[in-house]
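Peer 1:
In this note's numbering, the protein residues as written are 7 to 387.
(1) Locate the beta strand (DSSP E) running through residue 102, then write down its first and last residues.
(2) Does the beta-carbon distance from residue 204 to residue 96 come in below 8 Å?
(3) What three-state label does DSSP hand residue 145 in the structure shown?
(4) So, with DSSP's three-state summary, where would you put residue 248?
(5) By DSSP, does residue 264 sit in helix, in strand, or in coil?
(6) Alpha carbon to alpha carbon, what distance is there between residue 322 and residue 108?
(7) Give the DSSP-derived three-state secondary structure of residue 86 in the structure shown.
(8) According to the Cβ coordinates, are residue 82 and residue 38 closer than 8 Å?
(9) From residue 198 to residue 86, what distance separates their C-alpha atoms?
(10) In its own chain, which residues sit with a C-beta less than 6 Å from the C-beta of residue 47, not counting the 5 before and 5 after it?
(11) Tell me the DSSP bridge mates of residue 52?
(12) Answer with buried or exposed for residue 337, where buried requires no fewer than 16 other C-beta atoms within 10 angstroms of its C-beta.
(13) According to DSSP, which residues form a beta bridge with residue 35?
(14) In or out: residue 7 buried (at least 16 other Cβ within 10 Å) or exposed?
(15) Is it buried or exposed, residue 26, if we count other Cβ atoms within 10 angstroms and call 16 or more buried?
(16) Starting from residue 360 and walking both ways along the alpha helix (DSSP H), at which residues does that stretch end?
(17) Between the segment 340-349 and the segment 236-247, do three or more beta carbon pairs fall short of 8 Å?
(18) Please report the Cβ distance between residue 122 and residue 114, rounded to the nearest whole angstrom; I am assuming they are in contact, meaning their Cβ atoms lie under 8 Å.
(19) What whole-angstrom Cβ distance do residue 91 and residue 236 have, given they're in contact under 8 Å?
(20) Just tell me which of 326, 318, 324, 264 has its CA closest to the CA of residue 378.
(21) Based on the DSSP output, what are the partners of residue 194 in its beta bridges?
(22) For the beta strand (DSSP E) holding residue 219, just list the boundary residues, first then last.
(23) Tell me where the beta strand (DSSP E) around residue 280 begins and ends.
(24) Shortest alpha-carbon distance to residue 210 belongs to which of 317, 144, 339, 89?
(25) Can you round the beta-carbon distance between residue 382 and residue 261 to whole angstroms, since I take them to be within the 8 Å contact cut?
(26) Rounded to the nearest angstrom, what separates residue 380 and residue 140 at their Cα positions?
(27) Residue 15: which of 21, 28, 24, 32 sits nearest, CA to CA?
(28) Can you give me the Cβ contacts of residue 287 inside the same chain, cut-off strictly under 7 Å, excluding the 5 residues immediately before and after it?
(29) Could you check the C-alpha separation between residue 103 and residue 273 for me, to the nearest Å?
(30) Could you spell out the range, first to last residue, of the alpha helix (DSSP H) harbouring residue 110?
(31) Mind checking residue 331: buried by the 16 CB within 10 Å criterion, or exposed?
(32) Express the C-alpha separation of residue 177 and residue 386 in angstroms, rounding to a whole number.
(33) Below 8 Å between beta carbons: does that hold for residue 319 and residue 360?
(34) Is DSSP giving residue 71 helix, strand or coil here?
(35) DSSP beta-bridge partners for residue 256?
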């Protein structure tokens with residue numbers, strides 16, 4: 007643990023700390039390398055009443071061109087602690103919020119702990135992973151997440167919150183600041199605990215992951231092989247950070263795959279890729295005791311929502327890979343239609359202009375409004 011001292015430094019331009027490479031320097035910048043320092047920094051900012059946000063890997067953040075009028079707290083905490091699991095054949099890892107997500111996945115695979123390998127190569131920090139319930143190829147953090155340690159802005163108190171209380175949904179949680187709204191719970195994650203299977207190989211489940219890996223048998227495969235294949239696949243789509251490759255100078259998928267009612271999905275062309283969203287099988291019916299007459303009405307079956315491919319919608323709306331507006335330094339990735347990239351010196355205004363153009367084309371063609379996936383700071387779409 008640290009000394010609990012607030013460490014202030016000369017503010018850096020956020021363009022140098024975010025993967026989309028936009029944003030000026032904030033008014034004030036603090037750095038926290040230990041949990042004690044992070045808690046001290048947050049309590050200091052909250053006591054001052056500053057505008058604030060925390061910065062991990064900067065891989066899911068789109069920052070506007072105007073300097074942020076407030077304090078940025080850089081989370082630099084590191085560390086993985088192995089803990090016993092109450093379940094046979096499993097182990098728990100408690101990981102500091104500033105630890106690199108892919109470094110955690112690499113650690114798990116190297117030690118023969120299964121449950122994270124399909125999420126290899128996702129940029130960012132461990133603390134950000136539950137905020138947007140990260141996932142890839144059918145695997146999501148919510149499948150292994152046990153609890154988070156967090157500190158609430160309203161009280162300044164630290165608590166351990168089980169995953170069931172985080173409101174985890176498709177790329178969302180009660181902690182996520184959605185575009186056009188605010189987070190339901192203003193808090194910062196200090197550490198994350200996951201529960202993994204002790205196994206150096208696994209039978210791969212899930213059609214999406216099996217397709218990505220090219221598997222047609224049920225034989226177990228090594229975790230290391232799964233990780234290598236996923237990293238290669240992400241690299242081919244420009245989804246692995248590489249200073250030399252402008253296709254990776256973005257936030258990964260800029261738009262979320264659209265979640266729509268089944269009736270809306272049926273109106274889309276049949277060739278549009280789609281996946282059913284698993285319905286809530288544990289729906290609770292609450293009947294006030296004073297009104298209960300011994301009869302519990304049957305639950306009406308509802309058609310599950312459908313997730314449709316935003317990348318397909320974008321390309322079918324006439325936006326091809328590599329597309330850029332005239333004289334703009336922002337473009338769609340040459341490898342993946344969902345990624346918007348900074349080709350060198352692009353302003354946030356240029357990226358925003360491209361994003362709005364894509365939204366308008368998809369809406370005109372299909373009647374759907376694509377929602378941005380990254381957190382937007384000082385930017386309007």
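Backbone N, C-alpha and C define an ideal beta-carbon position, used for all residues, glycine too. This one's a predicted model, so the numbers in the text were calculated from it and none came from an experiment.
Peer 2: According to the data block:
(1) Here residue 102 refers to the residue found at position 96 of the chain shown. Note, residue 102: beta strand (DSSP E), 96-102.
(2) By one-based count along the chain shown, residue 204 stands at place 198. By one-based count along the chain shown, residue 96 stands at place 90. Taking 8 Å as the Cβ cut-off, residue 204 and residue 96 qualify as a contacting pair.
(3) Along the chain shown, one-based indexing puts residue 145 at 139. Residue 145 falls in the strand class under three-state DSSP.
(4) Within the chain shown, numbered from 1, the residue matching residue 248 stands at position 242. DSSP places residue 248 in coil when its eight states are reduced to three.
(5) In the chain shown, counting from the first residue as 1, residue 264 sits at position 258. In the structure shown, residue 264 sits in a strand (DSSP, three-state: E or B).
(6) Numbered from 1 along the chain shown, position 102 holds the residue referred to as residue 108. Numbered from 1 along the chain shown, position 316 holds the residue referred to as residue 322. The alpha-carbon atoms of residue 108 and residue 322 are separated by roughly 33 Å.
(7) As a first step, residue 86 is located in the chain shown; it is residue number 80 there, counting from the start. Here residue 86 sits in strand by DSSP.
(8) Within the chain shown, numbered from 1, the residue matching residue 82 stands at position 76. Within the chain shown, numbered from 1, the residue matching residue 38 stands at position 32. Yes.
(9) Along the chain shown, read from residue 1 onward, the residue named residue 198 stands at position 192. Along the chain shown, read from residue 1 onward, the residue named residue 86 stands at position 80. Taking the straight line from one Cα to the other gives about 10 Å.
(10) Taking the first residue of the chain shown as 1, we reach residue 47 at position 41. Around residue 47: 12, 36, 38, 79.
(11) Within the chain shown, the letter at position 46 stands for residue 52. In DSSP, residue 52 forms no bridge with anything.
(12) In the chain shown, counting from the first residue as 1, residue 337 sits at position 331. Residue 337 should be labelled buried.
(13) Taking the chain shown and counting its residues from 1, one reaches residue 35 at position 29. Per DSSP, 15, 78.
(14) To locate residue 7, count along the chain shown from 1; it is residue 1. Caution applies to residue 7, whose pLDDT of 42 falls short of 50 and renders its modelled position unreliable; the model cannot decide the point.
(15) Here residue 26 refers to the residue found at position 20 when the chain shown is read from its first residue. With 16 or more Cβ atoms within 10 Å of its Cβ, residue 26 is classed as buried.
(16) Counting from one through the chain shown, the residue named residue 360 turns up at place 354. Taken as a continuous stretch (DSSP letters only), the alpha helix (DSSP H) holding residue 360 covers 354-372.
(17) yes
(18) Within the chain shown, the letter at position 116 stands for residue 122. Within the chain shown, the letter at position 108 stands for residue 114. Right, the Cβ-Cβ distance comes to about 5 Å (below 8 Å), so this counts as a contact.
(19) The count along the chain shown starts at 1 and reaches residue 91 at position 85. The count along the chain shown starts at 1 and reaches residue 236 at position 230. Rounded, the Cβ-Cβ distance is 25 Å, inconsistent with contact.
(20) By one-based count along the chain shown, residue 378 stands at place 372. It is 264.
(21) Here residue 194 corresponds to residue number 188 of the chain shown, with the count starting at 1. Paired residue(s): 157.
(22) Within the chain shown, residue 219 is the residue found at index 213, counting from 1. Note, residue 219: premise wrong, no beta strand (DSSP E); alpha helix (DSSP H) at 213-219.
(23) Working through the chain shown from its first residue, we reach residue 280 at position 274. Looking at the DSSP string, the run of the beta strand (DSSP E) that includes residue 280 is 280-282.
(24) On the chain shown, residue 210 is found 204 positions in, with the first residue counted as 1. The shortest C-alpha separation from residue 210 is found at 144.
(25) Counting from one through the chain shown, the residue named residue 382 turns up at place 376. Counting from one through the chain shown, the residue named residue 261 turns up at place 255. The pair is not a contact, with the Cβ atoms about 12 Å apart (cut-off 8 Å).
(26) Working through the chain shown from its first residue, we reach residue 380 at position 374. Working through the chain shown from its first residue, we reach residue 140 at position 134. If I take the Cα positions, the gap works out to 12 Å.
(27) Stepping through the chain shown from its first residue, residue 15 is reached at position 9. Out of 21, 28, 24, 32, 32 has the C-alpha closest to the C-alpha of residue 15.
(28) In the chain shown, residue 287 corresponds to position 281, counting from 1. In this prediction, residue 287 scores a pLDDT of 44, lower than 50, which makes its location untrustworthy; the coordinate-derived value is nonetheless stated afterwards. Taken in chain order, the list of residues that qualify is empty.
(29) The residue you call residue 103 lines up with position 97 of the chain shown. The residue you call residue 273 lines up with position 267 of the chain shown. One C-alpha to the other measures close to 43 Å.
(30) Stepping through the chain shown from its first residue, residue 110 is reached at position 104. 107-116 is the extent of the alpha helix (DSSP H) around residue 110.
(31) Reading the chain shown from its first residue, position 325 is the one you call residue 331. The residue is exposed, with fewer than 16 neighbouring Cβ atoms inside 10 Å.
(32) Within the chain shown, the letter at position 380 stands for residue 386. Within the chain shown, the letter at position 171 stands for residue 177. Each residue's Cα considered, the two are about 20 Å apart.
(33) Translated into positions along the chain shown, residue 319 becomes position 313. Translated into positions along the chain shown, residue 360 becomes position 354. Contact flag unset, no.
(34) Your numbering for residue 71 matches position 65 in the chain shown. Looking at residue 71 - three-state DSSP - the assignment turns out to be coil, as it is neither helix nor strand.
(35) Locating residue 256 in the chain shown gives position 250, where the first residue counts as 1. In DSSP, residue 256 forms a bridge with 347.
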